[in-house]
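K.L.:
Protein chains in written order, with this note's numbering: chain A, 39 to 134; chain B, 38 to 569.
By construction, the Cβ of each residue, glycine as well, lies at the ideal position given by its N, Cα and C atoms.
All values derive from a computational prediction rather than experimental measurement.
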């Protein structure tokens with residue numbers, strides 16, 4: 039994606055790459071042809087990735103905003119309220 | 038009974054009536070009413086016979102003349118006017134002229150438009166069923182008096198008009214490649230920020246937010262409000278898409294959406310501003326417009342088309358529950374896989390332990406280590422012995438030839454011997470060190486052979502050095518016939534230092550003598566009386 043510097047994708051891309059790294063560690067470990075040292079380091083790596091994935095889900099920021107444009111102030115974001123709809127909860131349940 | 042083909046092609050040629058036609062009005066006759074009884078019939082025929090006499094007096098029209106009159110009447114009565122109707126039986130033969138019927142629920146008019154009226158191509162592509170407005174003159178068909186419309190202009194009307202416009206736009210955008218699969222961007226798997234272009238009060242936004250809430254509540258949502266139907270809607274939607282692209286941080290994905298409606302309601306999403314805005318958006322765009330059956334040009338140019346607003350939200354985000362379940366599964370697999378590895382390694386270790394008797398190997402190794410130590414001790418002793426031997430030999434030489442008077446040279450020799458000995462010892466020790474470190478890789482035999490070689494080399498070196506020493510030794514020189522001349526304990530080298538009568542001690546290879554200087558004799562050997 040071209041706009042990584044500007045967009046929130048930067049964080050999302052990290053999550054995606056961490057998930058991919060986790061899957062890679064799993065694949066290597068389950069193949070069973072690693073030395074003991076390598077197995078332990080893959081295991082550690084996998085755990086580390088797993089932890090960050092969980093924290094990504096936990097730390098999610100949840101906001102709904104409405105964009106407004108005016109001559110004076112240009113483009114602004116304000117909290118959005120819909121008259122017949124309310125968000126069910128503020129984000130995912132925090133993991134223990 | 039439609040009028041078809043070239044005028045007059047199927048019609049028999051009429052022969053003109055005699056010139057008398059039309060000049061006189063026919064007398065009203067009982068010919069118009071049918072005969073009622075026999076008497077009347079003969080009356081009629083009588084009358085007929087009578088009328089034939091006066092034929093030349095009756096005025097009448099030819100059919101063509103009558104037809105032309107009607108035509109004139111019709112054409113004069115109506116200026117060009119617009120008629121609304123539905124096209125049917127549309128036909129365009131090779132002549133290029135257009136023929137069709139214009140109808141509404143009850144009536145039908147024939148229409149013709151001549152090529153001369155529209156130039157090279159049809160003004161609008163006409164199809165049966167299309168609703169059109171026809172501007173034309175009412176007339177009659179020359180040869181038969183059927184009324185027809187000679188069209189000057191034809192315009193699409195109502196649904197037909199929109200369809201046409203959409204077709205034209207679709208062709209243009211398709212040609213520009215805007216609908217190509219290769220242009221379509223892929224969606225991010227885990228969006229953090231999502232932009233929505235829709236009416237902020239509509240049902241669509243509510244459906245989308247509900248779905249997002251249920252499925253992936255970790256999102257930042259930014260809504261760019263826009264009218265989604267009517268005047269200006271296309272421009273507002275386009276503006277919303279552009280504004281979201283310009284936001285920083287920008288959303289990862291955009292949904293353009295509105296609820297169900299008629300073709301007219303959704304019309305804005307077929308227009309150029311929306312299509313171009315979606316095409317130039319750098320952020321992937323999902324459209325969820327109307328229902329499954331509604332397909333607009335915006336849907337065709339979008340990166341993903343969803344059938345409804347809810348479907349659009351579903352495709353934009355993953356399912357949180359699914360992801361959490363997957364991560365839990367990964368955790369389990371991680372633990373069990375690494376435990377398997379450990380168990381496997383432990384098992385292999387046990388196998389190896391059983392297969393090889395490590396204790397005997399250890400014992401063998403320690404035996405080898407012991408014998409090597411022993412060997413190195415012997416080697417050391419041997420070297421030292423040899424050196425001592427050489428030293429003793431030197432001492433013996435020293436004693437027998439009273440080398441005390443030439444202490445410097447002796448000292449040099451001794452130092453040389455010592456350093457050689459030390460050097461040898463060091464190199465011996467070094468070799469031993471090396472051999473010790475190579476214990477693992479070298480068998481006892483090879484080790485011993487190497488040690489032996491080293492020892493031999495050492496011995497060789499010793500012998501060589503001893504030989505060199507011997508060669509340099511003053512004893513050798515004396516053996517060749519030279520003597521050392523001493524006077525007062527000083528070694529004499531210059532005859533000028535001696536005076537006649539001086540006492541000299543001359544050391545020869547064997548033994549020594551006392552002599553007295555007789556006289557100096559430049560360039561000649563000194564003679565001395567030998568006192569016995």
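By the three-class DSSP mapping on this structure, what secondary structure does residue 338 (chain B) have?
P.N.:
Helix at residue 338 (chain B).
K.L.:
In this structure, how does DSSP classify residue 101 (chain B) when only helix, strand and coil are distinguished?
P.N.:
Residue state, collapsed to three classes: helix.
K.L.:
What are the residues that DSSP puts in a beta bridge with residue 187 (chain B)?
P.N.:
In the DSSP output, where bridge partners are listed per residue, residue 187 (chain B) has B:149 and B:174.
K.L.:
Strictly under 8 Å for the Cβ-Cβ distance: is residue 100 (chain A) near chain B by that measure?
P.N.:
Cβ-Cβ to chain B under 8 Å: yes for residue 100 (chain A).
K.L.:
Taking only three categories from DSSP, how would you classify residue 138 (chain B)?
P.N.:
Residue 138 (chain B): strand per DSSP, three-state reduction.
K.L.:
Quick check: the Cα distance between residue 387 (chain B) and residue 381 (chain B), rounded to an integer number of angstroms?
P.N.:
Each residue's alpha carbon lies about 10 Å from the other.
K.L.:
Quickly, what does DSSP pair residue 410 (chain B) with across the bridge? List them, please.
P.N.:
In the DSSP output, where bridge partners are listed per residue, residue 410 (chain B) has none listed.
K.L.:
Report the three-state DSSP secondary structure of residue 301 (chain B) (helix, strand or coil).
P.N.:
If DSSP states are grouped into helix, strand and coil, residue 301 (chain B) belongs with coil.
K.L.:
I'd like to check one pair, residue 115 (chain A) with residue 124 (chain A): are the Cβ atoms closer than 8 Å?
P.N.:
No.
K.L.:
Looking at the secondary structure, which residues open and close the alpha helix (DSSP H) in which residue 313 (chain B) lies?
P.N.:
That run of the alpha helix (DSSP H) goes 309-317.
K.L.:
What does the alpha-carbon distance come out to for the pair residue 357 (chain B) and residue 389 (chain B)?
P.N.:
Near 48 Å, if we compare the C-alpha coordinates of residue 389 (chain B) and residue 357 (chain B).
K.L.:
For residue 496 (chain B), which residues in the same chain have their Cβ closer than 8 Å to its Cβ, ignoring the five residues on either side in sequence?
P.N.:
So the list reads 423, once near-sequence residues are dropped.
K.L.:
Should the stretch 263-280 of chain B be regarded as contacting the stretch 233-240 of chain B, the criterion being three or more beta carbon pairs within less than 8 Å?
P.N.:
Yes, the stretch 263-280 of chain B touches the stretch 233-240 of chain B.
K.L.:
Are residue 334 (chain B) and residue 143 (chain B) closer than 8 Å when you measure CB to CB?
P.N.:
The answer is no: Cβ separation not under 8 Å.
K.L.:
Hey, is residue 77 (chain A)'s beta-carbon within less than 8 Å of any beta-carbon in chain B?
P.N.:
Chain B, which has a Cβ nearer than 8 Å to the Cβ of residue 77 (chain A), makes this yes.
K.L.:
Tell me whether residue 295 (chain B) sits in a helix, a strand or coil according to DSSP, three-state version.
P.N.:
Residue state, collapsed to three classes: strand.
K.L.:
Given a cut-off of 8 Å, decide if residue 206 (chain B) and residue 192 (chain B) are closer than it, judged by their beta-carbon atoms.
P.N.:
Going by C-beta atoms, residue 192 (chain B) is not nearer than 8 Å to residue 206 (chain B).
K.L.:
DSSP three-state label for residue 464 (chain B), please.
P.N.:
Note: residue 464 (chain B) maps to helix in three-state DSSP.
K.L.:
Give every residue of the same chain whose Cβ lies closer than 6 Å to the Cβ of residue 64 (chain B), excluding the five residues on either side of it in the sequence, and list them in chain order.
P.N.:
Legend: pLDDT at residue 64 (chain B) = 47, less than 50; position of this residue unreliable, value from coordinates given subsequently. Cβ within range, chain order: n/a, list empty.
K.L.:
Show which residues of chain D have a CB atom less than 7 Å away from the CB atom of residue 226 (chain B).
P.N.:
Any reference to chain D falls outside this structure, whose protein chains are A and B.
K.L.:
Residue 225 (chain B): buried (16+ other C-beta within 10 angstroms of its C-beta) or exposed?
P.N.:
With 16 or more Cβ atoms within 10 Å of its Cβ, residue 225 (chain B) is classed as buried.
K.L.:
Got a sec: which bits of the stretch 108-122 of chain A sit with their beta carbon under 8 Å from any beta carbon on chain B, in order along the chain?
P.N.:
Per Cβ criterion, the list reads 113, 115, 118, 120, 121 and 122.
K.L.:
Which chain B residues are close to residue 62 (chain A), counting only those with a beta carbon under 7 Å from its beta carbon?
P.N.:
Result: empty, since nearest Cβ-Cβ is about 11 Å, beyond 7 Å.
K.L.:
What does residue 594 (chain B) reach in chain A if we use C-beta pairs closer than 9 Å?
P.N.:
Absent from the model: residue 594 (chain B). The displayed extent of chain B is 38 to 569, so no value can be given.
K.L.:
Report yes or no: do three or more beta-carbon pairs, one from the stretch 167-187 of chain B and one from the stretch 112-125 of chain B, lie closer than 8 Å?
P.N.:
Cβ pair count under 8 Å is three or more, so yes.
K.L.:
Determine whether the Cβ of residue 361 (chain B) lies closer than 8 Å to any Cβ atom of chain A.
P.N.:
Judged by the 8 Å Cβ criterion, residue 361 (chain B) is in contact with chain A.
K.L.:
Using a Cβ cut-off of 7 Å, pull out every chain A residue sitting near residue 382 (chain B), in sequence order please.
P.N.:
What residue 382 (chain B) touches in chain A: 74.
K.L.:
Strictly under 8 Å for the Cβ-Cβ distance: is residue 205 (chain B) near chain A by that measure?
P.N.:
Taking Cβ atoms only, chain A never reaches closer than 8 Å to residue 205 (chain B), which makes this a no.
K.L.:
Apart from the five residues on each side of it in sequence, which residues of its chain come closer than 6 Å, Cβ to Cβ, to residue 152 (chain B)?
P.N.:
Cβ within range, chain order: 133 and 134.
K.L.:
Would residue 374 (chain B) pass as an interface residue toward chain A - the criterion being a Cβ-Cβ separation below 8 Å?
P.N.:
Interface residue, yes.
K.L.:
Would you grab the beta carbon distance between residue 230 (chain B) and residue 288 (chain B) for me? Rounded to a whole angstrom, and I think it's under 8 Å.
P.N.:
With a Cβ gap of about 4 Å, residue 230 (chain B) and residue 288 (chain B) count as contacting.
K.L.:
Which whole-angstrom value is the C-beta distance of residue 255 (chain B) and residue 95 (chain A), which I expect to be below 8 Å?
P.N.:
Contact holds; Cβ gap of about 7 Å.
K.L.:
Cα separation between residue 304 (chain B) and residue 268 (chain B)?
P.N.:
Taking the straight line joining both Cα atoms gives about 10 Å.
K.L.:
Applying the 10 Å Cβ sphere with the 16-neighbour rule, what's the burial state of residue 43 (chain A)?
P.N.:
Confidence is the limiting factor: at residue 43 (chain A) the pLDDT is only 36, short of 50, which leaves the residue's position unreliable, though a coordinate-based value still follows. With fewer than 16 Cβ atoms within 10 Å of its Cβ, residue 43 (chain A) is classed as exposed.
K.L.:
May I ask you to report which of helix, strand or coil DSSP gives residue 449 (chain B)?
P.N.:
Here residue 449 (chain B) sits in helix by DSSP.
K.L.:
Please say whether residue 328 (chain B) and residue 297 (chain B) have beta carbons closer to each other than 8 Å?
P.N.:
In this structure, residue 328 (chain B) lies closer than 8 Å to residue 297 (chain B) by Cβ.
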